[in-house]
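*Asks:* Numbering (the working numbering), first residue to last: 990 to 1288. The C-beta atom is built at its ideal place from N, Cα and C for all residues, glycine as well. Model, not experiment: these values are computed from the prediction. Could you have a look at this structure, given as structure tokens, before my questions?
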């Protein structure tokens, strides 16, 4: 059942009721309206749920940032990555942006393209129910981290293409993505591995695809965001850690190069000394630039 919580006196007033992580008190301003565990598909799967957070005192339909969590496509949930991005979340809501965080099926239960199908289905639900939740259906952005950055980028770049395999009902969704905020997501699986990893069937990408990229380059290419880059794609704000040990920063440089070639507006920030994830990505300068980028392209 969907539950609605309104933080009237303090955010803590709905943390206890909603049974959500303790960082909510830091991330969400007083007065945030929180809809929890909304089913977005016609089933009872726990991974087919989403949450919506509306900014305090919103007087009109709010532009929406859709949060896609990381976790190697095989773990975490719709609260993941929020704990180290509390300043950015708070700034977004105070600026008048709504937030929706979605769950999706893990590769341990369903291989690709199940994950991108879920993301498309969740956003189509938000589009269809925008008026109900006071969202501006013409102002959707996606924000993804690691595996979520991959899925968000794949969704944003394929959004203006016909890719029936990416949709549950094979029908192209109605929504359009205005901006993509990509935090260290893989962009090209065909160029991801070191030589020693090419035949490793136990790594997270092989588990996602059902094969190693070496054995099935066709699937690897179909699952790579850069495959779908064209001049009609939304602007990209890309952030990557200089010392990322899990997703090489070359993946973000490569994505930027493809976007540049297509004439798609983009900005790449390499965070000095930063690892794969953490508080360094919630720095004030990144946050300020991110919101300015959103404000510019969500018009």
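So, is residue 973 buried or exposed, given that buried needs 16 or more other C-beta atoms within 10 angstroms?
*Replies:* Nothing can be reported for residue 973: it is not among the residues displayed for the chain, which extend from 990 to 1288.
*Asks:* Looking only at its own chain, which residues have a Cβ that is under 7 angstroms from the Cβ of residue 1100, when we skip the five neighbours before and after it?
*Replies:* For the purposes of this step, residue 1100 is taken as the residue at position 111 of the chain shown. Here the set comprises 1197, 1198 and 1199.
*Asks:* Report the CB separation of residue 1043 from residue 1087 in whole angstroms; it is logged as a contact under 8 angstroms.
*Replies:* Position 54 of the chain shown, counted from the first residue, corresponds to residue 1043. Position 98 of the chain shown, counted from the first residue, corresponds to residue 1087. Indeed, because the Cβ distance is near 5 angstroms, the residues count as touching under 8 angstroms.
*Asks:* Which term fits residue 1283, buried or exposed, when burial requires 16 or more other beta carbons within 10 angstroms of its beta carbon?
*Replies:* If you number the chain shown from 1, residue 1283 lands on position 294. That one is buried.
*Asks:* Relative to the C-alpha of residue 1039, which candidate in 1108, 1251 and 1275 has its C-alpha closest?
*Replies:* For the purposes of this step, residue 1039 is taken as residue 50 along the chain shown, with counting starting at 1. That would be 1108, whose Cα lies nearest to the Cα of residue 1039.
*Asks:* Under 6 angstroms Cβ to Cβ from residue 1157, same chain only, skipping five residues before and after it: list those, please.
*Replies:* Here residue 1157 refers to the residue found at position 168 when the chain shown is read from its first residue. Same-chain partners within the cutoff: 1106 and 1110.
*Asks:* Could you round the C-beta distance between residue 1170 and residue 1131 to whole angstroms and report it? I think they count as a contact, below 8 angstroms.
*Replies:* Against the chain shown, residue 1170 aligns to sequence position 181. Against the chain shown, residue 1131 aligns to sequence position 142. Indeed they touch by this definition, with Cβ atoms about 7 angstroms apart.
*Asks:* Around the Cβ of residue 1058, are there at least 16 other Cβ atoms within 10 angstroms (buried) or fewer (exposed)?
*Replies:* In the chain shown, counting from the first residue as 1, residue 1058 sits at position 69. Classification for residue 1058: buried.
*Asks:* Would you mind sorting residue 1136 into buried or exposed? The rule is 16 or more other CB atoms within 10 Å of its CB.
*Replies:* As a working mapping, residue 1136 is identified with position 147 in the chain shown. Per the 10 Å Cβ criterion, buried.
*Asks:* For residue 1167, which option in 1255, 1026 and 1013 has the closest C-alpha, if you only look at C-alpha atoms?
*Replies:* Walking along the chain shown from the start, residue 1167 turns up at place 178. The shortest Cα separation from residue 1167 among 1255, 1026 and 1013 belongs to 1255.
*Asks:* From the DSSP secondary-structure annotation, give me the bridge partner or partners of residue 1260.
*Replies:* Mapped onto the chain shown, residue 1260 falls at position 271. Bridge partners of residue 1260: 1230.
*Asks:* Note down the Cα distance separating residue 1050 from residue 1129, rounded to an integer number of angstroms.
*Replies:* Position 61 of the chain shown, counted from the first residue, corresponds to residue 1050. Position 140 of the chain shown, counted from the first residue, corresponds to residue 1129. Cα-Cα distance, rounded: 12 angstroms.
*Asks:* Report the partner residues of residue 1018 according to the DSSP bridge assignment.
*Replies:* By one-based count along the chain shown, residue 1018 stands at place 29. Note: residue 1018 sits in no beta bridge, so no partner.
*Asks:* Between residue 1162 and the rest of its own chain, which residues show a CB-CB distance below 6 angstroms, the 5 nearest in sequence each way excluded?
*Replies:* Here residue 1162 refers to the residue found at position 173 when the chain shown is read from its first residue. These residues qualify, in order along the chain: 1109 and 1113.
*Asks:* Quick one: is residue 1248 buried, meaning 16 or more other Cβ sit within 10 Å of its Cβ, or exposed?
*Replies:* The residue given as residue 1248 occupies position 259 in the chain shown. Label assigned to residue 1248: buried.
*Asks:* Assuming residue 1153 and residue 1178 form a contact by the criterion Cβ under 8 angstroms, report the distance between their Cβ atoms to the nearest whole angstrom.
*Replies:* Position 164 of the chain shown holds residue 1153. Position 189 of the chain shown holds residue 1178. Not a contact, Cβ separation roughly 21 angstroms.
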